[in-house]
Structures are given as structure tokens and as C-alpha cells.
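First residue of the sequence shown? That's 0 in numbering that gives the first Met the number 0, and the numbers climb one at a time after it. One structure is given below, encoded as C-alpha cells.
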Amino acid sequence: MSLPWLRQSWQQLSKQLAEQQLPPSLLIRGEKGLGKLQLAQFVAKTLLCSEQQHQACNRCHSCQLFDAGAHSSVFHFSHDKPKIDDIRALTAWANQTSQLGAYKVAILSDIGALNPASNNALLKTLEEPVANTHFILINHLPFKPIPTIASRCQLLTINVPPIEQVQQWLVQQKLRLDQYFPLIHRFCNGSPLAIADFYREQQLSELQSFVEQYQLALSQQPNKLAEQISKDPLKLQWLGHCLLLSISIARGLVSETMFETFNFKAASVKALELAYQDWLDLCKQWETFPGLNLGQQLYPLISRFKD
Ligand SMILES: [Zn+2]
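Shown next, in the form of C-alpha cells:
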């Protein structure tokens, strides 16, 4: 496992694999950008490897097919936002007999985004395990799978590594970290792969424009912010970071000039704290009702800043 912060989790799984103690359903959860998918793939590849060693040999026919994405014993959802048809395809796949070797593995991402019908169908599939078939479920925080699904799985939580380790790994990846690194680290929830993508995809101007829209929303022009969050619900996390930074600045804990061109200066601590509470409630609602119109739901939060 090449990602240093995943080594400990890999050791635990590797031990279970060696002792043939890996349960039929494993749920890997953590922030986006921690390499949960890579870990799931490594577990699957090791499980399927013909050499049956403590980790995938990378040489056998099975490992080569796996790397080429052509292993007939592996199931993936066809797209990022799995729907009921994907779960039906999964159920049909689970009931087939493996063609190569003994095991079959399904890698299922992102479980927190499933609607109620898909959740029920998945739960049924997990409740009727087929011999030698493994399900590795991936869940990006803050959205969670329904408790009945989580309760069917061995849970593995991947924590955010310490900032020094993140920094060291990013430098090894030949990324040039700038003065915005502490800010980007916050907005990427400390996830190294997310930070690397942020730098590679040069998302700084996108973040800057988001912060500008946040500022506009605080002065009661929330349309653009609402539109952005409706289009990309993960931006709801960015809003949470904006509010927290504004609270820290209003309390004098962080200097408002710390992030140079990013202006988080905002209203009173009280209005900000109420807005942050609204934001937490909104995240909870979104978790329960993924179909929620987030843009629309933002307006009460923004009205906290009317003076
Ligand atoms: Zn192999």
C-alpha cells in the first residue's frame, strides 16, 4: 500500500485476508480524498490473486486482468451516482458463479448517495450473502449509509492524517505548496489526495469565486451561492468552512489578513453561530433526504445576516 496513512488499515485487512477472516461485507468510510477506493481495490486484488500471498503479487494472470480493469470476478457501479438499476445489476452479478478462481468482489462507491429504493435493494443483497462473494462498500463523509446497511458490514474508518504527514507526502508528489496551503488544507478536510487534485486542477480561482459569492450572500444576495451549491452539493462543505473561518476571524482567533485575497470578514459572532447551527441542521437534512433542493434551503441560513 503506497499511501502512508493507509498502511495501518491495510495491515489489519491483510491479516484478516491471511487468516481468511475477511467478512463478506466491509464498509470503508472517511473523508473524500483519503484513498478509500485504492484500499478497496488493493483488498480485492489480493483476494483474487492466484499466488494467495499476503498481498497481490502484481504478476499473475488475475492481477494483470485486475490492473487492466477486465477481471470478470470484479463488479463496479457503472457511474458515480449509483441508482436502482446498478443495484439490480449487482444482485444479478452476485448470483452468478465466479469464472476465474474462487472469489468474487464488488467494490461499491458511493453508498452514502443511494436513494431509499436503492438502499433497500442493496440491503437485501447484503442480507443474503452468496458463498465466496465479497462486498466492499465505500462511503465518503459527511454523508452516511443507512444504519441497517452499516450494521451488516465490518466498519473501517480512515482518519485524516496529521498535517505534517500530508505536507511531506504532497512534497514527495512534487507539488509546490504555496502560502494558501493552510487554507486549502482546511477546505479539503485535510485529505491528501483531495489537496493534490486541488493543486493539479488549479482550483484556487474556483475557491476564490466561491468565497466572493459567500460574501455576496452575507449581504443578502444569495442567488449565485445557492446555484453553486445546488449544482455541486459537496460545496456545502465549503460553505461550512467559510462560516467557521468567519467565526474564528470575528472572535479574533485568526487574522483576517491571513488568507490575503480571501475575504472571510463577516457579520457578528452571534449571527455567524446561528448560521453555522443552521448549516449543521442542513447537512443532517441532506443526509436524510439526498433529493433535497439545497439551494432553496439556504435562504433561511442567509437571512441570519439581515440586521
Ligand atoms: Zn497476483
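Backbone N, C-alpha and C fix where the C-beta goes; we use that ideal spot for every residue, glycine too. Small disclaimer: the values here were computed from a predicted structure and weren't measured.
Inset, instruction - From the DSSP output, read off the bridge partner residues of Val73. - result: Val104
Inset, instruction - Give a yes or no on contact between the region 262–281 and the region 169–187, applying the rule of three or more CB pairs nearer than 8 Å. - result: no
Inset, instruction - Could you tell me the boundaries of the beta strand (DSSP E) in which Ile135 lies? - result: Thr132 to His139
Inset, instruction - State the start and end residues of the unbroken alpha helix (DSSP H) segment that holds Thr124. - result: Pro115 to Glu126
Inset, instruction - Evaluate contact between the region 18–34 and the region 147–154, counting only Cβ atoms and requiring at least three cross-stretch pairs below 8 Å. - result: yes
Inset, instruction - Starting from Leu26, follow its DSSP beta bridges and name the residues at the other end. - result: Leu136 and Leu154
Legend entry - Glu18: CB within 7 Å of a non-hydrogen atom of ligand 1: no
Legend entry - Span separating the alpha-carbon of Lys35 from that of Ser254: 35 Å
Inset, instruction - Report yes or no: do three or more beta-carbon pairs, one from the region 81–96 and one from the region 119–131, lie closer than 8 Å? - result: yes
Legend entry - Separation of Ser77 from Asn131, as counted between CA atoms: 23 Å
Legend entry - Sequence-distant residues of the same chain with beta carbon closer than 7 Å to Leu64, five excluded per side: His70
Legend entry - Residue burial classification, Val159 (beta-carbon count within 10 angstroms, cutoff 16): buried
Legend entry - Span of the alpha helix (DSSP H), counted from its first residue to its last, around Tyr179: Element bounds for Tyr179: n/a, residue is neither H nor E.
Inset, instruction - Would you list, in sequence order, the uninterrupted alpha helix (DSSP H) runs of no fewer than 4 residues that lie entirely inside the region 26–65? - result: 35–47
Inset, instruction - Identify which residue in Phe41, Glu30 and His133 has its Cα closest to the Cα of Phe74. - result: His133
Inset, instruction - Whole angstroms is fine: what's the gap from Leu293's alpha carbon to Thr260's? - result: 28 Å
Legend entry - Buried or exposed (CB count within 10 angstroms, at least 16 for buried), Thr45: buried
Inset, instruction - Give the DSSP-derived three-state secondary structure of Gly251 in the structure shown. - result: coil
Inset, instruction - Taking only runs that begin and end inside the region 247–305, name each unbroken alpha helix (DSSP H) of 4 or more residues, in chain order. - result: 268–287 and 293–301
Legend entry - Contacting residues, own chain, Cβ-Cβ under 7 Å from Ile246 (five flanking each side not counted): Val268, Leu271, Glu272 and Tyr275
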